[in-house]
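So the structure is just underneath, and the comments pick up after that.
2 protein chains.
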Amino acid sequence: MPTKSLEVRLASRPQGEPTLDNFSFATVDLPDPEPGEVLVRNVCISVDPYMRGRMNEGKSYVPPFQIGQAMEGGAIGKVVVSRNEKLPAGTFVQSIYGWREAYVAPAASLKAVDTSVAPPSAYLGILGVTGLTAWVGLLQIARLKHGETVFVSGGAGAVGSAACQIAKMHGGKVLASASSEPKVAFLRDELKVDYAFNYRDGDPLDHLKKGAPDGIHIYFDNTGGPQLEAALAALRSYGRVALCGGIAGYNTPVPGPRNLMLAIGKRLRLEGFIVSDHVGEMPAFLAEAIPALKSGKLTHRESFVDGLEAAPAALLDLLHSGAANIGKMIVRLPE
Amino acid sequence: MPTKSLEVRLASRPQGEPTLDNFSFATVDLPDPEPGEVLVRNVCISVDPYMRGRMNEGKSYVPPFQIGQAMEGGAIGKVVVSRNEKLPAGTFVQSIYGWREAYVAPAASLKAVDTSVAPPSAYLGILGVTGLTAWVGLLQIARLKHGETVFVSGGAGAVGSAACQIAKMHGGKVLASASSEPKVAFLRDELKVDYAFNYRDGDPLDHLKKGAPDGIHIYFDNTGGPQLEAALAALRSYGRVALCGGIAGYNTPVPGPRNLMLAIGKRLRLEGFIVSDHVGEMPAFLAEAIPALKSGKLTHRESFVDGLEAAPAALLDLLHSGAANIGKMIVRLPE
Numbered sequence: 000m001p002t003k004s005l006e007v008r009l010a011s012r013p014q015g016e017p018t019l020d021n022f023s024f025a026t027v028d029l030p031d032p033e034p035g036e037v038l039v040r041n042v043c044i045s046v047d048p049y050m051r052g053r054m055n056e057g058k059s060y061v062p063p064f065q066i067g068q069a070m071e072g073g074a075i076g077k078v079v080v081s082r083n084e085k086l087p088a089g090t091f092v093q094s095i096y097g098w099r100e101a102y103v104a105p106a107a108s109l110k111a112v113d114t115s116v117a118p119p120s121a122y123l124g125i126l127g128v129t130g131l132t133a134w135v136g137l138l139q140i141a142r143l144k145h146g147e148t149v150f151v152s153g154g155a156g157a158v159g160s161a162a163c164q165i166a167k168m169h170g171g172k173v174l175a176s177a178s179s180e181p182k183v184a185f186l187r188d189e190l191k192v193d194y195a196f197n198y199r200d201g202d203p204l205d206h207l208k209k210g211a212p213d214g215i216h217i218y219f220d221n222t223g224g225p226q227l228e229a230a231l232a233a234l235r236s237y238g239r240v241a242l243c244g245g246i247a248g249y250n251t252p253v254p255g256p257r258n259l260m261l262a263i264g265k266r267l268r269l270e271g272f273i274v275s276d277h278v279g280e281m282p283a284f285l286a287e288a289i290p291a292l293k294s295g296k297l298t299h300r301e302s303f304v305d306g307l308e309a310a311p312a313a314l315l316d317l318l319h320s321g322a323a324n325i326g327k328m329i330v331r332l333p334e
Numbered sequence: 000m001p002t003k004s005l006e007v008r009l010a011s012r013p014q015g016e017p018t019l020d021n022f023s024f025a026t027v028d029l030p031d032p033e034p035g036e037v038l039v040r041n042v043c044i045s046v047d048p049y050m051r052g053r054m055n056e057g058k059s060y061v062p063p064f065q066i067g068q069a070m071e072g073g074a075i076g077k078v079v080v081s082r083n084e085k086l087p088a089g090t091f092v093q094s095i096y097g098w099r100e101a102y103v104a105p106a107a108s109l110k111a112v113d114t115s116v117a118p119p120s121a122y123l124g125i126l127g128v129t130g131l132t133a134w135v136g137l138l139q140i141a142r143l144k145h146g147e148t149v150f151v152s153g154g155a156g157a158v159g160s161a162a163c164q165i166a167k168m169h170g171g172k173v174l175a176s177a178s179s180e181p182k183v184a185f186l187r188d189e190l191k192v193d194y195a196f197n198y199r200d201g202d203p204l205d206h207l208k209k210g211a212p213d214g215i216h217i218y219f220d221n222t223g224g225p226q227l228e229a230a231l232a233a234l235r236s237y238g239r240v241a242l243c244g245g246i247a248g249y250n251t252p253v254p255g256p257r258n259l260m261l262a263i264g265k266r267l268r269l270e271g272f273i274v275s276d277h278v279g280e281m282p283a284f285l286a287e288a289i290p291a292l293k294s295g296k297l298t299h300r301e302s303f304v305d306g307l308e309a310a311p312a313a314l315l316d317l318l319h320s321g322a323a324n325i326g327k328m329i330v331r332l333p334e
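So the protein sequences, as listed, match chains A and B. Here numbering that gives the first Met the number 0 is used: position 183 in the first sequence is 182, and no number is missing along the way. Here numbering that gives the first Met the number 0 is used: position 324 in the second sequence is 323, and no number is missing along the way.
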């Protein structure tokens with residue numbers, strides 16, 4: 000009897016704001032694993048802002064999702080049938096096969112994760128690409144130095160909350176913004192940032208001036224839009240901007256920063272990056288992150304939704320800066 | 000009998016577009032030089048786009064001009080009375096005392112220039128801060144490598160025409176834009192750039208696609224505005240932007256680039272710079288530029304106006320991308 004797997008597919012490309020109609024569900028029969036392959040049942044899957052870009056047609060930095068095919072993305076699963084000795088049944092593995100309950104794949108395309116260190120979901124977040132993104136952006140792109148002041152927009156999101164903590168671990172003073180009061184409370188009370196604010200509450204530049212009267216050295220940009228413009232105004236000479244995400248403009252275009260030319264007089268550097276260029280840094284990052292997580296210096300907040308059926312709504316909520324979305328958004332599947 | 004000197008002063012700060020009314024003229028009596036000082040009669044003075052910023056109140060990267068005082072800036076003059084043995088009468092010297100016929104100053108504040116190598120005016124342009132700006136922007140900020148494709152906006156201006164030539168000397172393929180047909184002809188016929196276009200003629204991006212079907216590696220930005228937006232679209236992955244000037248927005252605000260977030264997926268780096276941070280590189284630059292100028296590999300085009308009275312109109316013309324303004328704008332004074 001074949002193994003059945005529910006999967007979430009891209010049904011159509013959104014025009015502007017995506018809706019639930021852009022997704023469809025299908026149940027497929029999985030083949031038996033061939034030699035060298037494993038059958039994996041996912042336990043958690045990742046929901047990320049960058050997925051919005053892949054729903055569009057045309058070239059992004061990752062190829063677009065294909066209509067009628069399952070949404071690709073990070074997932075952690077458990078090997079249930081193994082025909083490869085390196086990944087015996089019971090092993091937890093990371094894949095990029097995305098939004099499906101189960102799959103059969105070559106063992107060589109998967110990476111085992113050590114669940115004695117942290118729960119499986121942490122490998123999608125703080126110990127995964129999410130954490131690495133924050134680490135690379137702060138240390139390699141923006142070249143954070145001890146004692147500098149860092150502003151992180153989208154600070155309560157997955158990458159943002161990692162960036163706030165990593166900046167503090169490296170001696171930074173941290174200002175962070177979010178889109179709701181519960182998120183601001185999370186930044187202030189759990190992440191212990193130095194100044195937290197709701198970017199919808201007044202002018203972001205007023206907050207930056209209040210939180211950093213002498214200006215900021217680094218802006219870790221998850222949003223683009225008005226917060227980027229405010230950051231350009233608040234940056235000190237020789238400031239750096241790590242351009243990581245532009246969620247403000249993912250669904251609808253936003254104006255460009257009218258004050259970009261301040262970069263000349265202030266000798267600012269703005270640099271875009273994507274984490275897939277930096278996967279070679281993962282061991283160096285984990286060497287720092289795993290002990291920090293164990294000792295409690297690094298925390299990881301996750302927002303769970305249950306069942307694959309809930310994945311599309313979770314993505315829409317994320318793109319709306321929904322109140323539910325603090326930290327890493329994870330879809331949890333029954334084991 | 001005291002020496003008289005005519006000078007051009009800032010009379011008032013412009014609101015938007017500057018006019019001739021923002022300038023005034025005055026004749027002052029110069030003191031006799033004290034020991035260690037020299038009396039210098041200027042032979043040429045520099046007219047530069049960055050002066051527009053200094054006409055405003057408030058902090059720019061250089062202090063604002065003071066109302067009622069002479070416009071500061073680069074000038075080359077000849078020592079006529081010397082009380083310092085290092086700068087005997089007849090020596091040509093460079094100063095930043097600006098728009099005045101003559102001045103008395105400490106010899107230590109001046110720099111002798113070698114007029115056997117090039118005419119005095121060249122030290123305001125291709126062998127001066129203008130040339131250094133282009134060289135630093137291309138080689139140190141944008142890190143031009145042999146074989147790369149470079150787009151220079153404002154290519155017929157002083158810095159732009161230096162950038163076009165230096166890029167070609169370093170093995171670059173050069174696209175350049177200008178604001179009039181005579182300037183485009185200059186780019187094409189005299190500077191021999193690979194593709195020259197009038198940015199007012201159609202969509203700049205169409206020109207960039209035509210001149211560089213595989214995209215550009217570097218954008219040397221003298222303008223900001225729509226050309227920056229077009230360049231962001233045309234840049235290849237890992238492209239670099241040297242933010243040097245924003246003449247498009249000096250008099251009136253222009254919208255920011257709506258597509259700045261392309262910098263993430265394309266891993267672009269945008270970096271602002273000002274040449275005064277890099278004056279230590281002048282010897283290295285001149286070691287390359289002087290032989291190139293002598294051998295004819297580097298040319299310098301100048302636009303002269305005669306007499307200090309003509310200086311304000313020359314600056315206004317420059318800011319209007321006036322047709323007269325090809326290459327370096329110089330005010331020539333009678334010897």
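Even for Gly, the Cβ is constructed at its ideal location relative to N, Cα and C. Computed from a predicted model, the values in this text were never measured in an experiment.
For Asp202 (chain B), there are no C-beta contacts with chain A under 8 Å, since the nearest C-beta of that chain is about 17 Å from it. A contact is defined here as three or more CB-CB pairs under 8 Å, and the segment 207-217 of chain A fails this definition with respect to the segment 114-128 of chain A. When 8 Å is used as the limit between beta carbons, Ala262 (chain A) is near these residues of chain B: Leu242, Leu269, Glu270, Gly271, in chain order. Our two residues, Val240 (chain A) and Ala312 (chain A), have alpha carbons roughly 31 Å apart in a direct line. DSSP places Ile165 (chain A) in the uninterrupted alpha helix (DSSP H) bounded by 157-168.
Against chain A, a Cβ distance below 7 Å from Lys265 (chain B) picks out Gly271.
For Leu38 (chain B), the nearest beta carbon of chain A is not closer than 8 Å to its own beta carbon.
With respect to chain A, the C-beta atom of Pro256 (chain B) has a partner C-beta closer than 8 Å. Residues of chain B whose Cβ lies closer than 8 Å to the Cβ of Gly223 (chain A) are, in chain order, Leu259, Met260. Under the three-state reduction of DSSP output, Lys85 (chain A) falls in the coil class, being neither helix nor strand.
Of all C-beta pairs linking the segment 1-11 of chain A to the segment 253-271 of chain A, fewer than three are shorter than 8 Å, placing the two stretches out of contact.
Its Cα nearest to that of Ser11 (chain B), the residue B:Met54 stands out among B:Leu231, B:Arg300, B:Glu33, B:Met54. The beta carbon of Asp276 (chain B) sits closer than 8 Å to some beta carbon of chain A. Counted as a single uninterrupted DSSP element, the stretch harbouring Val116 (chain A) is not any beta strand (DSSP E), since DSSP gives it neither H nor E. In terms of beta-carbon proximity, Pro63 (chain B) stays away from the interface with chain A, with every pair separated by 8 Å or more. Around the C-beta of Pro34 (chain A), fewer than 16 other C-beta atoms lie within 10 Å, and the residue is accordingly described as exposed.
In the three-state DSSP reduction, Arg8 (chain A) falls in the strand class (E or B). Judged by DSSP secondary structure, Gln226 (chain A) falls within the alpha helix (DSSP H) whose first and last residues are 224-233.
With respect to chain A, the C-beta atom of Pro252 (chain B) has a partner C-beta closer than 8 Å. Around the CB of Leu297 (chain A), 16 or more other CB atoms lie within 10 Å, so the residue is classed as buried. Counted as a single uninterrupted DSSP element, the stretch harbouring His277 (chain B) is not any alpha helix (DSSP H), since DSSP gives it neither H nor E. The three-state secondary structure of Thr2 (chain A), taken from DSSP, is strand. The beta carbon of Val330 (chain B) sits closer than 7 Å to the beta carbons of Cys43, Ile44, Val46, Val304, Leu307, Ala309, Ala310, Ala313 from its chain, once the five residues preceding and following it are set aside; these are given in chain order.
Residues of chain A whose Cβ lies closer than 7 Å to the Cβ of Gly245 (chain B) are, in chain order, Met260, Ile263. About 11 Å separates the CB atoms of Val116 (chain B) and Phe91 (chain B); that is not less than 8 Å, and the two are not in contact.
Linking Ile289 (chain B) to Leu131 (chain B) through their CA atoms gives a straight-line distance of about 12 Å.
Nearest CB-CB separation between Gly248 (chain A) and chain B: below the 8 Å threshold. When secondary structure is reduced to three states using DSSP, Asn21 (chain A) falls in the helix class.
For Glu270 (chain B), there is no enclosing alpha helix (DSSP H); the enclosing beta strand (DSSP E) has its first and last residue at 268-271.
Put simply, the backbone Cα of Thr26 (chain A) is about 37 Å away from that of Ser178 (chain A).
Rounded to whole angstroms, the separation of the alpha carbons of Ile325 (chain B) and Ala166 (chain B) is 18 Å. For the options B:Arg266, B:Gly156, B:Gly279, B:Ala232, the alpha carbon positioned closest to that of Pro256 (chain B) is the one of B:Ala232. The beta carbon of Pro30 (chain B) sits closer than 8 Å to those of Pro1, Val103, all from its chain and outside the five residues before and after it, given in chain order. Within the same chain, Glu6, Val7, Ile44, Ala69, Met70, Gly72, Leu307, Ala310 come within 7 Å of Trp98 (chain B) by CB-CB distance, once the 5 residues on both sides are set aside.
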